[in-house]
Amino acid sequence: MRGIFYARKESEMPRKKNTTSRAVASARNTNLAKLPERVAIGAHEVRPEQLYVIKDRHPRGRGPWTDEPFDKIAWRDAETGLDCILLRQPSGVWGGFVAVGPGHPFYAHREDAIPAAAGLSPHGGIDYAQACSRNEDEAVRVCHAHTGHRAAQRDTPTAEDQTMDDAWWFGFLADKPGDHVPSGSKPVLASEEGEVYRSIDFMYAETTKLARQLKAIEDGSAVGTDPVLPASPLRLGKPGGR
1 MRGIFYARKE
11 SEMPRKKNTT
21 SRAVASARNT
31 NLAKLPERVA
41 IGAHEVRPEQ
51 LYVIKDRHPR
61 GRGPWTDEPF
71 DKIAWRDAET
81 GLDCILLRQP
91 SGVWGGFVAV
101 GPGHPFYAHR
111 EDAIPAAAGL
121 SPHGGIDYAQ
131 ACSRNEDEAV
141 RVCHAHTGHR
151 AAQRDTPTAE
161 DQTMDDAWWF
171 GFLADKPGDH
181 VPSGSKPVLA
191 SEEGEVYRSI
201 DFMYAETTKL
211 ARQLKAIEDG
221 SAVGTDPVLP
231 ASPLRLGKPG
241 GR
C-alpha cells in the first residue's frame, strides 16, 4: 500500500517568523502543496527530499501505474547514506539513480568502463553514468536535492549546500527486453505477450540494491573490484530527464 504522510501539527499557535526564504527553497523540492514528511513505497517508509508529480510523463489510461501517486522522488538511503532518485522517463517507465562522491573508485567512470566483476547488477544493468544534470528543470533533474532541502531549514545556505552536486550518478531504466513501456511504440497487447511493467516498488528495491553494491565497493568489501581503474572522460549530453 502506498501513501503520503504529513507531519502532525503540534500547535495551532501562529508563529511570527520570516519564512520567505524557506518557502522559496522548499518550493524547489516539490510541486505539491508541501513536501510530505514520509511516503510509503511498498512495505518501506521513505523520507523524501524531493517529490514531484509530472503529468506529461505519467502513463495515460488505467494500468499498474494508476496507483503510483508521484513521478519523482529523491531520498537518502538509510542503510548506505547514498543519495537516490526514482524518476519517471518520458516513455512512462521508471529510472533509478544512485550518487557516489569523488572518493568512490568508480567516480567519473562511464557505464561501459565498469568491469563486470564489480557486480553492479540493477535491473538490466547500468546504462547511465553522468555528473549532476544541474541545467535540467528541477522536476526531471538527476542531481542532489540537498541544496534546496537543507537550505529550506535555514535562512542562509551554507557552503555545503552549494557543493553537494559534485557527485557522479549511476542509473538504469526499466525499458529492457521483457519490460512493458507504457508510452512506447510496442503493440497494445505487449503486456499480454509476456512483458512486465516494472512498478515503483520493484524499482525502489533495485535502486537500493544498487546503493548497497556501490557502498560495498567504496568500503572495499566487494569481490573483484580494483580501485585503480583509470577515470573515463566526462560525457556530455544524455540528460537525466531523457
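Per the UniProt record's numbering, the sequence shown starts with residue 1, numbered consecutively.
Just so it is clear, CB atoms sit at the ideal spot from N, CA and C, and this is done for glycine as well.
Bear in mind that the values here come from a model prediction, so they are computed numbers and not experimental data.
Spatially closest choice to L210 from K176, E193, G125, D201, by CA coordinates: L210 has its Cα closest to that of G125, out of K176, E193, G125, D201.
When DSSP labels each residue in this structure, what does D77 get in the three-state scheme? Coil.
With a threshold of 16 other CB atoms inside 10 Å of the CB of V196, please say whether the residue is buried or exposed. Residue environment for V196: exposed (fewer than 16 other C-beta atoms within 10 angstroms of its C-beta).
Which residues in the same chain have their Cβ closer than 6 Å to the Cβ of K176, if we skip the five residues on either side of it in sequence? So the qualifying residues of the chain are G124.
Identify every residue that forms a DSSP beta bridge with H44. The partner list for H44 (beta bridge, DSSP) reads I41.
Rank Y204, G92, N135 by C-alpha distance to the C-alpha of K55 and give the top, closest one. Comparing Cα-Cα distances from K55 to each of Y204, G92, N135, the minimum goes to G92.
Assigned secondary structure, F172 (DSSP; H/G/I helix, E/B strand, else coil): Assignment of F172 by DSSP, reduced to helix, strand and coil, places it in the strand class.
Do W168 and A117 have their C-beta atoms closer together than 8 Å? Between W168 and A117, the CB-CB gap reaches or exceeds 8 Å.
Residue of H180, P90, S199, C84 minimising C-alpha distance to R47: Selected option, being the one with the closest Cα: C84.
Ignore the nearest five residues each way along the sequence and tell me which others in I200's own chain have a CB closer than 7 Å to its CB. Excluding residues within five positions, the ones whose Cβ falls inside 7 Å are I41, E68, L86, W94.
Please identify the residue among P122, A129, R141 whose C-alpha is closest to the C-alpha of A174. Measuring from the Cα of A174, the nearest candidate turns out to be P122.
How many angstroms separate the CA atom of E138 from the CA atom of T208? Their backbone Cα atoms lie some 22 Å apart in a straight line.
With DSSP as the reference, identify every bridge partner of Y128, one or two as the case may be. Residue pairing for Y128: DSSP places it in a beta bridge opposite G171.
Best match in G119, L120, F106 for proximity to A131 [C-alpha to C-alpha]: The option with the nearest alpha carbon to A131 is F106.
Do V53 and L35 have their CB atoms nearer than 8 Å? For V53 and L35, no; Cβs fall outside 8 Å.
I'd like the list of long-range same chain contacts for R212, defined as Cβ closer than 7 Å, with 5 residues on each side in sequence excluded. Around R212, the same chain offers E79, T80 as residues with beta carbons nearer than 7 Å, after the five sequence neighbours per side are excluded.
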